[in-house]
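Those sequence lines, one after another, are chains Y and X. If you number the first sequence the way the working numbering does, the last residue is 247 and the count never jumps. If you number the second sequence the way the working numbering does, the last residue is 494 and the count never jumps. Taking it in order: structure first as structure tokens, then the write-up.
Protein chains: 2
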Amino acid sequence: MSWPPFDSPCLTPPPADSGPLGPCMHCRVRHLAVCSVLAGEEVQALDALAGAQVLAPGTVLARQGEPRRHVYTVTRGALRLVRLSAGGRRQVAGFALPGDFVGLSGAAVHQHDIEALGETELCRFGVEAMQRLGTRFPHLQRKLLERACMELDSARDQLMALARMTPTERIADFLLRLAAQQARSGEPAASLALPMPRADIADHLGLTVETVSRCLTTLRTRGLIALPEIYRVEILDFAGLEALNPA
Amino acid sequence: MSWPPFDSPCLTPPPADSGPLGPCMHCRVRHLAVCSVLAGEEVQALDALAGAQVLAPGTVLARQGEPRRHVYTVTRGALRLVRLSAGGRRQVAGFALPGDFVGLSGAAVHQHDIEALGETELCRFGVEAMQRLGTRFPHLQRKLLERACMELDSARDQLMALARMTPTERIADFLLRLAAQQARSGEPAASLALPMPRADIADHLGLTVETVSRCLTTLRTRGLIALPEIYRVEILDFAGLEALNPA
DNA sequence: CGCACGATTGATACCGATCAAACGGCGTGG
DNA sequence: CCACGCCGTTTGATCGGTATCAATCGTGCG
């Protein structure tokens with residue numbers, strides 16, 4: 001509940017190129033998934049609902065099986081959504097970066113653990129309050145539907161990747177996806193921060209850590225990327241990476 | 248546009264166990280994704296928008312890349328959503344059975360080919376008309392959001408399957424999923440019709456035809472299923488199949 | 001009856017998982 | 001300040017499972 005007064009610039013329309021529900025840079029990407037589509041009255045209602053939070057690295061925001069009480073918008077840092085199976089198998093369903101909305105689900109309980117990768121800032125809304133708001137402001141509901149449809153498209157793309165791409169292709173696809181996501185936040189995509197360890201990439205792409213490592217070195221050897229630090233990738237040849245994608 | 252007058256029973260609430268957006272058996276599962284949630288005026292508006300269609304087996308309803316002009320609800324038969332990559336790789340994103348809503352996507356053009364598996368009956372709505380209706384009836388928009396969230400959950404489940412399950416586990420999971428879907432339509436799930444050829448199952452689960460065949464015989468040998476006909480599966484041991492799922 | 005096509009069964013090859021080891025950075029403690 | 005140890009990453013060697021190639025079977029249709 002302790003957060004600075006809402007920036008008035010946030011009420012101005014977002015830049016034309018920000019796309020549907022894109023980040024609203026005016027308000028320092030604060031609960032950007034919704035702020036860019038609402039008018040004054042609605043923003044006030046949202047402010048009353050929202051709580052800002054800063055999470056230390058490794059903080060567990062939610063565990064699978066717990067009742068879903070909140071939805072979140074990420075404004076800084078990164079989250080990972082992890083599913084652990086009874087057999088000990090691990091799957092990283094996705095990563096939430098600044099601008100992402102977390103919590104679109106039809107289930108009453110969390111399907112994933114939600115964990116902070118680094119120091120992460122986010123904005124929290126109660127689900128039932130959000131639903132009430134949705135009925136009061138059809139505009140918001142519509143934007144949420146758009147967002148859900150986008151995520152659906154994204155999930156289907158990923159199905160294709162998991163089903164029919166080789167490990168190297170998956171890594172290339174993953175890097176390009178991350179670059180695009182980072183580009184949406186305004187930063188150039190050539191130098192790419194990887195907020196997650198190799199194991200998370202592996203569990204995200206259905207691979208092992210060793211294979212991820214090997215594929216990264218393969219891409220480096222081919223001159224497509226550089227690895228100046230462990231948690232950073234320079235994309236040297238976008239076209240070359242895209243050429244790997246058989247889509 | 249040629250379809251029988253709208254059954255009045257359709258205006259009554261759907262059976263309690265039909266779940267959100269579940270099939271509305273009263274109106275013979277006709278455009279069931281929406282009919283069960285609307286009142287008289289809205290239903291009339293929908294009728295004006297909807298067109299019933301019956302497709303012969305193999306009919307192509309849409310091709311990837313074409314502009315998306317319609318959404319559909321399946322009332323009989325089955326559709327498959329196919330994506331073909333430049334490299335010739337094939338991915339079946341999913342199957343639409345009676346009760347399913349096809350067309351939740353944020354893209355302006357189709358991401359998949361949509362093809363009828365057998366003789367298939369469906370109901371067509373224009374997307375922009377549907378959107379107008381959504382703004383006029385927030386109730387509808389909300390139901391669409393719920394449906395989108397459900398599909399999102401389902402897609403994420405499938406990601407887990409593709410990333411971390413063995414071929415046999417994927418087949419078992421697929422059969423149980425299909426059984427559950429068929430059960431929603433009211434029919435008992437023990438005897439399961441497979442509307443699609445083996446190749447579609449393979450391309451849906453990221454396998455080859457040969458592996459699908461081998462896994463089915465494996466399950467049969469273990470006494471978990473029977474295969475009385477090629478396009479039919481009897482589930483003999485639900486618990487046994489579920490035990491294969493490591494989730 | 002013969003053909004065509006999809007499904008099944010069989011034999012082999014290859015790729016990624018697994019097992020194992022070495023490397024590197026970083027924090028701690030001596 | 002340096003030595004050590006921990007943990008994540010990288011690299012290496014081997015194994016196994018699934019794709020691939022190939023052949024047979026079965027069914028429906030001409």
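Backbone N, C-alpha and C define an ideal beta-carbon position, used for all residues, glycine too.
May I ask you to list the residues that DSSP assigns as paired with residue i?
i                 : result
ALA225 of chain Y : Residue 225 of chain Y is actually Ile in this sequence, not Ala. Answer is Y:ILE235, bridged to ILE225 of chain Y.
ALA440 of chain X : X:ARG479
CYS123 of chain Y : Y:ALA52 and Y:THR73
LEU328 of chain X : X:GLY341 and X:ILE361
PRO314 of chain X : X:VAL356
ALA62 of chain Y  : Y:ILE114
VAL349 of chain X : X:TYR319
Just checking: is the beta-carbon of residue i within a distance shorter than 9 Å of some beta-carbon in chain Y?
i                 : result
MET377 of chain X : no
GLU481 of chain X : no
LEU279 of chain X : With a pLDDT of only 45 at LEU279 of chain X, under 50, the local geometry of the prediction cannot be trusted, and the value read off the model is given with reservation. Not one chain Y Cβ lies under 9 Å of LEU279 of chain X.
SER352 of chain X : yes
MET407 of chain X : yes
SER332 of chain X : yes
CYS396 of chain X : yes
GLU434 of chain X : no
ALA473 of chain X : no
ASP347 of chain X : no
ALA343 of chain X : no
GLU489 of chain X : no
ALA419 of chain X : no
GLN428 of chain X : no
GLU393 of chain X : yes
ARG316 of chain X : no
GLY373 of chain X : no
GLY269 of chain X : Confidence in GLY269 of chain X is poor, its pLDDT being 36 and thus under 50, which makes the residue's placement too unreliable to answer from.
ARG389 of chain X : yes
ALA304 of chain X : Looking at the sequence itself, residue 304 of chain X is Pro, so the reference to Ala does not match. It does not: the Cβ of PRO304 of chain X has no partner Cβ on chain Y nearer than 9 Å.
Taking CB distances under 9 Å as the criterion, tell me whether residue i reaches chain X.
i                 : result
GLN91 of chain Y  : yes
ALA62 of chain Y  : no
PRO246 of chain Y : yes
GLU66 of chain Y  : no
THR135 of chain Y : yes
PRO167 of chain Y : no
ARG156 of chain Y : yes
ARG164 of chain Y : yes
LEU152 of chain Y : yes
GLN111 of chain Y : yes
One question on the structure: do residue i and residue j come within less than 9 Å of each other, judged by their Cβ atoms?
i                 : j                 : result
LEU81 of chain Y  : GLY94 of chain Y  : yes
PHE125 of chain Y : VAL60 of chain Y  : no
LEU441 of chain X : ILE482 of chain X : no
THR382 of chain X : GLY346 of chain X : no
ASP400 of chain X : GLN111 of chain Y : yes
VAL349 of chain X : ILE448 of chain X : no
ARG170 of chain Y : GLY118 of chain Y : no
ARG232 of chain Y : LEU192 of chain Y : yes
LEU391 of chain X : LEU351 of chain X : yes
GLY298 of chain X : CYS370 of chain X : yes
ALA108 of chain Y : ARG68 of chain Y  : yes
SER332 of chain X : ALA239 of chain Y : no
GLN429 of chain X : LEU302 of chain X : no
ASP237 of chain Y : LEU224 of chain Y : yes
CYS149 of chain Y : GLY353 of chain X : yes
ARG164 of chain Y : ARG411 of chain X : no
THR120 of chain Y : PRO57 of chain Y  : yes
Members of the region 439-456 of chain X that neighbour chain Y once the beta carbon cut-off is set at 9 Å
Correct list: ASP450, HIS451, LEU452, GLY453 and LEU454.
Ignoring anything shorter than 3 residues or poking outside the region 160-218 of chain Y, list the beta strand (DSSP E) runs there in chain order.
Counting only runs of 3 or more, we get 191-193.
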